[in-house]
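Presented below is the structure to which this report refers.
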Amino acid sequence: MIGIFDSGIGGLTVVKEVLRQLPEYQFLYLGDTARTPYGNRSQDLIYQFMVGIVDYLFKAGCELIIVACNTASAQALRKIQQEWLPKHYPSATAVAGQANSGQRPSKRVLGVIRPVAEEAVKLSRSGRIGVVGTRSTINSGAYRREIEQLNPEIKVFQQACPLLVPLIEEGWLKRPETIKILRYYLRSLKQQKIDTLILGCTHYPILFKEFQQISGRQVKVLDSAKIIVEKLVDYLKRHPEIESKLTKGKQHRYLVTDLTDKFQENAQNWLGQKIKLEKISLD
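Okay, so the sequence shown: first residue is -6 according to this note's numbering, each after it adds one.
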């Protein structure tokens, strides 16, 4: 089974792509709605949250976990990879989108930042890439580091957008206030004449059309959810030892740590189908 987790329900953008590109595989989605957003949390607290969620998903039967949260990937994946996972699951290794050549782990945890950074570097013609994300993701410098490792000549311009996740979770997608705030956030990136824009939060593709319209036709806005699942498809082709362990079927589950009518309504609207959210406790 594939595990997918996010700080809230924005990670359903990744679920939607999994349903489109990998419809035969069973998955379990976990949205930490009780503690969303992660973007203004400390690195230590995000790490603690991620430990509990990864452990829960492994114990629930997941063989592969997608961290569909840029903030968690930026702030906690490496520590999970290097310290916690080898200690608690010694036969498992976490990787940020690529194979570990030294071991043959039985379980995998995949991050989201490296795959999107690779796509941005490939597509940019001017070498001027913009990144929008939560304050925590931007402050971590994770996208800048990945892009500079891939091509040190590329210029990276970043913009934290701390208000977007709460607005999206509230369903304020078409409200004038949301569009005005989005224009404000994108102003500095437009001034830098970027030609590629990374949506460094899995909530943001929900506003993809608005990002594209405000950025202009000359800017390629990257749909991070689509890219992440495209890379997952390729990853499974290259790792049949992992693919063979994934269960198939349509018995998907959608778990949340807090449940409101608004979460249920938004989840169904974004996925375009009726689903049942189950409330769980991670304590």
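By construction, the Cβ of each residue, glycine as well, lies at the ideal position given by its N, Cα and C atoms.
Tell me which residues share the same chain as residue i and place their Cβ nearer than 8 Å to its Cβ, disregarding the 5 neighbours each side in the sequence.
i, result
"I46", "F(-2), L23, D25, L275"
"I147", "V114, S117, G120, R121, I122, I140, E141"
"G265", "K9"
"P159", "P30"
"P198", "T6, L192, D216, S217, A218, K219"
"I39", "Y31, T64, A65, Q68, A69, S129"
"I73", "Y40, M43, V44, V47, A87, V102"
"W263", "I2, L5, T6, K9, I199"
"E170", "L160"
Just the Cα atoms here: how many angstroms apart are residue i and residue j?
i, j, result
"Q14", "I161", "24 Å"
"G104", "I59", "6 Å"
"A27", "C194", "18 Å"
"G90", "E112", "Because G90 sits at a pLDDT of 47, beneath the cut-off of 50, its placement in the model cannot be relied upon, and the point is left open."
"T127", "G209", "22 Å"
"P98", "E234", "Note that P98 has pLDDT 48, beneath the 50 cutoff, so the model's placement of it is unreliable and no number is given."
"Q151", "L182", "8 Å"
"G95", "S66", "Caution is warranted here: a pLDDT of 47 is assigned to G95, below 50, making its placement in the model unreliable, and the coordinate value is therefore given only provisionally. Distance between the alpha carbons of G95 and S66 is about 22 Å."
"G(-4)", "L50", "6 Å"
"R138", "I131", "11 Å"
"L12", "N144", "33 Å"
"A184", "K80", "The sequence given here places Gln at residue 184; Ala does not occur at that position. If I take the Cα positions, the gap works out to 47 Å."
"E223", "F201", "18 Å"
"Q257", "K243", "20 Å"
"L78", "Q211", "43 Å"
"H232", "H196", "28 Å"
For residue i, which residues of its own chain have a beta-carbon under 6 Å away from its beta-carbon, when the five flanking residues on both sides are left out?
i, result
"H245", "F20"
"A92", "For A92, the predicted model reports a pLDDT of 42, less than 50, meaning its position is unreliable; a value from the coordinates is still stated below. Excluding residues within five positions, none has a Cβ falling inside 6 Å."
"K213", "L116, T189"
Figure out for me which residue from the options has the closest Cα to the Cα of residue i.
i, options, result
"A218", "G54, Y177, C62, C154", "C62"
"E271", "L248, K72, Q206", "L248"
"I220", "L175, I106, E76", "I106"
"Y136", "V114, L157, P155", "V114"
"F204", "T64, L157, R231, K238", "L157"
"N259", "E170, K230, T6", "T6"
"W165", "D37, R34, K255", "K255"
"V177", "H196, I207, K167, K202", "Checking the displayed sequence, the identity of residue 177 turns out to be Tyr instead of Val. Among H196, I207, K167, K202, the Cα nearest to that of Y177 belongs to I207."
"T225", "V109, Q36, P83", "Contrary to the premise, residue 225 reads as Leu rather than Thr in this sequence. Out of V109, Q36, P83, V109 has the C-alpha closest to the C-alpha of L225."
Along the alpha helix (DSSP H) that carries residue i, what are the first and last residues, could you check?
i, result
"K243", "No alpha helix (DSSP H) contains K243, which DSSP labels as neither H nor E."
"A153", "First-last for A153: 148 to 153, but that is the beta strand (DSSP E), not the alpha helix (DSSP H)."
"G123", "Per DSSP, G123 belongs to no alpha helix (DSSP H); it is in the beta strand (DSSP E), 121 to 126."
"K183", "169 to 184"
"K213", "That residue, K213, is in no alpha helix (DSSP H); its beta strand (DSSP E) goes 213 to 215."
"V105", "Note, V105: premise wrong, no alpha helix (DSSP H); not H, not E."
"H81", "78 to 81"
"I276", "Correcting the residue type first, residue 276 is Asp in the shown sequence and not Ile. Unbroken run through D276: none, as it is neither H nor E."
"K100", "Neither: K100 is in no alpha helix (DSSP H) and is coded neither H nor E."
"E17", "Unbroken run through E17: none, as it is neither H nor E."
"Y49", "36 to 52"
"T253", "Careful: T253 lies outside any alpha helix (DSSP H) and carries neither H nor E."
"K202", "201 to 208"
"P30", "Per DSSP, P30 belongs to no alpha helix (DSSP H) and is neither H nor E."
By the DSSP assignment, the beta strand (DSSP E) with residue i in it spans what residues?
i, result
"Y22", "20 to 24"
"D(-1)", "-5 to -1"
"T189", "189 to 193"
"G271", "Just to set this straight, residue 271 is Glu in the shown sequence, not Gly. Start and end: 270 to 272."
"I140", "First-last for I140: 135 to 143, but that is the alpha helix (DSSP H), not the beta strand (DSSP E)."
"V60", "57 to 60"
Compute every distance between the C-beta of residue i and the non-hydrogen atoms of the ligand FMN, then say whether any falls below 7 Å.
i, result
"E234", "Looking at this structure, you won't find the ligand FMN or any other ligand, since it has none at all."
For residue i, I'd like the list of residues in its chain whose CB is within less than 7 Å of its CB, leaving aside the five on either flank, ordered along the chain.
i, result
"M(-6)", "Q19, F20, L21, G54, C55, E56, L239, T240"
"S133", "A67, Q68"
"E236", "L229"
"P155", "G32, N33, T127, R128"
When the Cβ atoms of the segment 177 to 192 are set against those of the segment 114 to 132, are three or more pairs found closer than 8 Å? yes
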